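Notes for the one structure printed next.
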Amino acid sequence: MTTLSFDSSLDPILSRRAEIQKIASSSVKRRRVYSRIGIAVCLLCLIVACIPLLAIIGYTVAKGLPAWNSAFFTKNMLPEGIPGGGLYNAIIGTVIIDAIAIAVTVPFGVLGGLFLAESDGPVAGAVRFAADVLTGVPSITIGIFGYIIWVKNFGYSGYAGALAIGIIMVPVIMRAAETALRGVPINLYEAGLALGARKATVARKVTLPVALPGLITGVLLAVARGAGETAPLIFTIFGNQFLQTNPSKPMEALPIAIYSYSSQPYNDLIEIAWGGALLLMAVILVLNVGARLASARLRRERR
Amino acid sequence: MSDRVYKILLGVVGGIFVLILVGFVVAMATQGVPAFSKLGFSFLWSSNWDPTHNHFGILPFMVGTIETTAIAVILTVPIGLGTALALAYLAPRRLRAPLGTAVELLAAVPSVVYGLWGLLVVAPFFRSQIEPGLSSVFGWTGLFGGANEGVGLLLAGVILFIMVLPTMVAISRDVLAAVPHDQVEGAMALGATRWQLLRKVVVPGARVGILGAFTLATGRALGETVAVALVIGNSTHLATSLKANAATIPSLIVSTFGEATGTELNVLFTAALVLLVVGIGVNVLARVFVRSVKRSGAESVAVA
Amino acid sequence: MTTPSDITQTIGLTTQEVFVAQEPGTTKVMGLEDVTVTFRGRPAVRGVSFDAYEKEVTALIGPSGSGKTTLLRALNRMHDTERTAAVTGKIMLGDTNVNDRSTDPTLLRSRVGMVFQRPNPFPTMSIYENAVAGLRFNGVRKKSLLDEAAESALVAAALWDSVRERLKVSASTLSGGEQQRLCIARALAVEPEVLLMDEPTSALDPIATKRIEELIGELKDRVTIIIVTHNMQQAMRVSDRCAFLLMADDRSGELIEYAPTSKLFSEPDDPRTLDYVNGRFG
Chain B
1 MTTLSFDSSL
11 DPILSRRAEI
21 QKIASSSVKR
31 RRVYSRIGIA
41 VCLLCLIVAC
51 IPLLAIIGYT
61 VAKGLPAWNS
71 AFFTKNMLPE
81 GIPGGGLYNA
91 IIGTVIIDAI
101 AIAVTVPFGV
111 LGGLFLAESD
121 GPVAGAVRFA
131 ADVLTGVPSI
141 TIGIFGYIIW
151 VKNFGYSGYA
161 GALAIGIIMV
171 PVIMRAAETA
181 LRGVPINLYE
191 AGLALGARKA
201 TVARKVTLPV
211 ALPGLITGVL
221 LAVARGAGET
231 APLIFTIFGN
241 QFLQTNPSKP
251 MEALPIAIYS
261 YSSQPYNDLI
271 EIAWGGALLL
281 MAVILVLNVG
291 ARLASARLRR
301 ERR
Chain D
304 MSDRVYKILL
314 GVVGGIFVLI
324 LVGFVVAMAT
334 QGVPAFSKLG
344 FSFLWSSNWD
354 PTHNHFGILP
364 FMVGTIETTA
374 IAVILTVPIG
384 LGTALALAYL
394 APRRLRAPLG
404 TAVELLAAVP
414 SVVYGLWGLL
424 VVAPFFRSQI
434 EPGLSSVFGW
444 TGLFGGANEG
454 VGLLLAGVIL
464 FIMVLPTMVA
474 ISRDVLAAVP
484 HDQVEGAMAL
494 GATRWQLLRK
504 VVVPGARVGI
514 LGAFTLATGR
524 ALGETVAVAL
534 VIGNSTHLAT
544 SLKANAATIP
554 SLIVSTFGEA
564 TGTELNVLFT
574 AALVLLVVGI
584 GVNVLARVFV
594 RSVKRSGAES
604 VAVA
Chain U
608 MTTPSDITQT
618 IGLTTQEVFV
628 AQEPGTTKVM
638 GLEDVTVTFR
648 GRPAVRGVSF
658 DAYEKEVTAL
668 IGPSGSGKTT
678 LLRALNRMHD
688 TERTAAVTGK
698 IMLGDTNVND
708 RSTDPTLLRS
718 RVGMVFQRPN
728 PFPTMSIYEN
738 AVAGLRFNGV
748 RKKSLLDEAA
758 ESALVAAALW
768 DSVRERLKVS
778 ASTLSGGEQQ
788 RLCIARALAV
798 EPEVLLMDEP
808 TSALDPIATK
818 RIEELIGELK
828 DRVTIIIVTH
838 NMQQAMRVSD
848 RCAFLLMADD
858 RSGELIEYAP
868 TSKLFSEPDD
878 PRTLDYVNGR
888 FG
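Residue numbers (the numbering used here), protein chains in the order written: chain B, 1 to 303; chain D, 304 to 607; chain U, 608 to 889.
Pasting the structure below:
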């Protein structure tokens, strides 16, 4: 027995194997505990991350729903202290401003996406870079840009707001359009060209229709992004207690109404702010979910 | 439309777009520079903000921006990383996708809603529960002096943390999940526990992308405006306590812009210019990080 | 201090085993009895029984779909992370049933190492850190032991001479063949009793492949090797015994024949083996 064991310790491999296995089995309990603790901490982080989501959605629904009465949707904002006001002017303002922004940015963004998808040179690189930078720049600076180039010359107006929101939306649409268009099978594109069609015709008749779900995803995400922005509007549309449907005049918008009402010391105004927050959040979440569904459908079809 | 015209049209659209960015920077610069000719450079590090007497020191706001961002990032990095690991590797498989979507949707909630919720729901809770608790436990550090107001630096930092968390989580989760599966199996086959393979192989393998996520989250926190303006208390003085009211550069701009004229307006433009430059810098950096992850990923596939 | 008798106890060797561990082909290291691997209840490979012996190389051969890799991955519990996978049957490593729930998979994997189809060194670690990664995972902190094991493993993997001057350099600077040898060294450093190799040369060029094959011949004195290969010549060159698997009519793999390599290739008992071996050569 003793001599045989001595034998094994003479072989450096066997003795090292024994030493390593001894360390491994004596440390395995500790390692397993560490692993469990680490995993538990990560799962705890996940729970911590989900709490604000539940809290913010829960509170907004609970506080906002009671504010949704007919006055909320049909009456304009009223000065503090006078009950019975609503957010009609703000809702209409947001719809008009966002509609203008969409009308301008969707064609512009899709053309820009076509440009990016069809070219790979330094110009395309610069455009892509500009788009990426613009997506990440603090939105307040875009508001100030709108102030400098529009408000300083033509005064506060819905157009200035649409300009600022548009600058926020364009890069989102462009990059999404590029991705969607690049996903179109190249043989479709080449088949169109081989038939003698012009590039513009191929784009209009072949690539754009095929890429449509991706384009819709991009537009929905862009609108969701733009509609929720507050800071750019503060510097461009100014706010307006009254209904204003002429976009060349100062207008009201939902985010601004929520912002200005939230710090008012009047409970009825705060209730309206919650109602506005619920409306804004619901619209934006619906747009986001819609965008996800569109892209999920796209992925299924491509498969 | 002939091919030529079509090409020109697309080129013009691309060109206009680049021009917008260039015009953006130029416009901000021309409006931001006059403050220097009127005030010199000292307003950048003066802490005296008193527009009625023509003092425009913006140091308190730069410090406030850094402090709130720091609080947000200190909370976001560990919690975001833990959440991302859970979503990429640890949570029950069936829950990963829906929970991931839920966290991503948090990023879509408009910032004004965060501000409203922070001011009306979280601030009272901070005033009655969190701040007294922190003062009694950590009062000796001197970080928690002054009255319990709810609003202030700490609340702004915490709300920012909640706002930038989805950015951190979504990008980190993607880069963590992109670590090649054969690396994970390699570690497993050597006798690594799940935690060891995550800490020693997966997280290091994704570190550049995580750095990108961290940078983007920082950029978002630096530039956030209305939510911060609603919960920070908007004081023009340097904060002496985490509970104290303060202001950041964006919150200063949004809360004083309406009444500002003359030199004060110039100073606000300069502050916005600083924000723009920092914002562009942070974004370029983040994209370099995230892009290099994608490229090195492609390379490792090509090599194998 | 570790006394010699401690060592024999820890590694689970009886004195008899130590004594007879001199001649190749006499000591059974790993024994499979009726091993079946199922995915979602459908068997991918079923009813496999054979033994692997010390100081020998056992090759698993067969066409694709015959379940070679699936079977190999059962031997160090790599199917654990795949929820739909289930392994039944007995896989004995010494006195340990690999497939028993009470067997800790991390400890098991320190006794049964694995080398994969594609070289997968950890790109964020240096060459040295790669070599000692398994030791660190298993709780080894002693610098002298780490150094000693790393050097021994890198020497054994025929890598030491070319990397001894650049141990701190990232492992991704190595060539594909060197990376695979580093992965072998990484597995060897833990001093496993069994080394599983899953088509270790399939991603390598012919010269790198030749070096790995030579290496396998040198390593078998140190560790029992079970190798999956789709390459008949390679199986002939490197293995002492061969297990031939084939996909049955129900699309699950089964063991057709297990024999010494020379017999399996020259005069197999089963006509299907003969067909396969000849088909591949002819």
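Heads up, the beta-carbon is just placed ideally off N, CA and C, and yes, glycines get one too. Computed from a prediction, not measured in an experiment: that's the story for all the values here.
Could you name the residues that DSSP lists as bridge partners for residue i?
i        : result
U/Ile668 : U/Phe851
D/Trp352 : D/Phe359
U/Asn591 : Residue numbering for chain U in the displayed model covers 608 to 889; residue 591 of chain U lies beyond these limits and cannot be assessed.
U/Lys635 : U/Tyr660
U/Arg649 : U/Phe646
U/Ile832 : U/Val664, U/Leu802
U/Ser777 : U/Ser733
U/Pro867 : U/Arg848
D/Gly536 : D/Ala549
U/Glu861 : U/Arg653, U/Leu853
U/Glu640 : U/Lys697
Looking at chain B, is there any beta carbon in it that lies within less than 8 Å of the beta carbon of residue i?
i        : result
D/Pro401 : no
U/Val636 : no
D/Ile374 : no
U/Ala756 : yes
U/Arg690 : no
D/Met365 : no
D/Asn548 : no
U/Arg718 : yes
Would a C-beta distance cut-off of 8 Å place residue i and residue j closer than the cut-off?
i        : j        : result
B/Val133 : D/Asn586 : yes
D/Gly455 : D/Asn548 : yes
U/Thr831 : U/Glu800 : yes
U/Gly638 : U/Asp658 : yes
B/Thr217 : B/Ala291 : yes
D/Val482 : D/Ala509 : yes
D/Thr371 : D/Thr521 : no
U/Ile819 : U/Ala778 : no
D/Gly494 : U/Gly669 : no
Any idea if residue i is buried or exposed, counting beta-carbon neighbours within 10 angstroms, 16 or more meaning buried?
i        : result
B/Ala160 : buried
D/Glu434 : buried
U/Thr880 : buried
D/Lys546 : buried
B/Leu65  : exposed
B/Leu215 : buried
D/His358 : exposed
D/Phe572 : buried
D/Ala450 : exposed
U/Thr610 : Note that U/Thr610 has pLDDT 49, beneath the 50 cutoff, so the model's placement of it is unreliable and no number is given.
D/Gln432 : exposed
D/Arg396 : exposed
Please report whether the beta-carbon of residue i lies at a distance below 8 Å from any beta-carbon of chain U.
i        : result
B/Val33  : no
B/Arg36  : no
D/Asp306 : no
D/Thr559 : no
Determine, using beta carbons only, whether residue i comes closer than 8 Å to chain D.
i        : result
B/Asp132 : yes
U/Val797 : yes
U/Gly648 : no
B/Thr94  : no
B/Gly228 : yes
B/Ile13  : no
B/Ile284 : yes
B/Arg198 : yes
Worksheet item: Hey, is the segment 412-429 of chain D in contact with the segment 530-543 of chain D, meaning 3+ C-beta pairs nearer than 8 Å?
Response: Remark: three or more beta-carbon pairs, one from each stretch, lie closer than 8 Å, so the segment 412-429 of chain D and the segment 530-543 of chain D are flagged as touching.
Worksheet item: Does the segment 739-753 of chain U touch the segment 22-30 of chain B, meaning 3 or more C-beta pairs lie closer than 8 Å?
Response: Enough Cβ pairs lie closer than 8 Å, so yes.
Worksheet item: Contact between the segment 805-822 of chain U and the segment 692-706 of chain U: three or more CB pairs below 8 Å?
Response: No, the segment 805-822 of chain U is not in contact with the segment 692-706 of chain U.
Fill in: Segment contact flag, the segment 157-175 of chain B with the segment 124-140 of chain B, C-beta cutoff 8 Å, min 3 pairs
Enough Cβ pairs lie closer than 8 Å, so yes.
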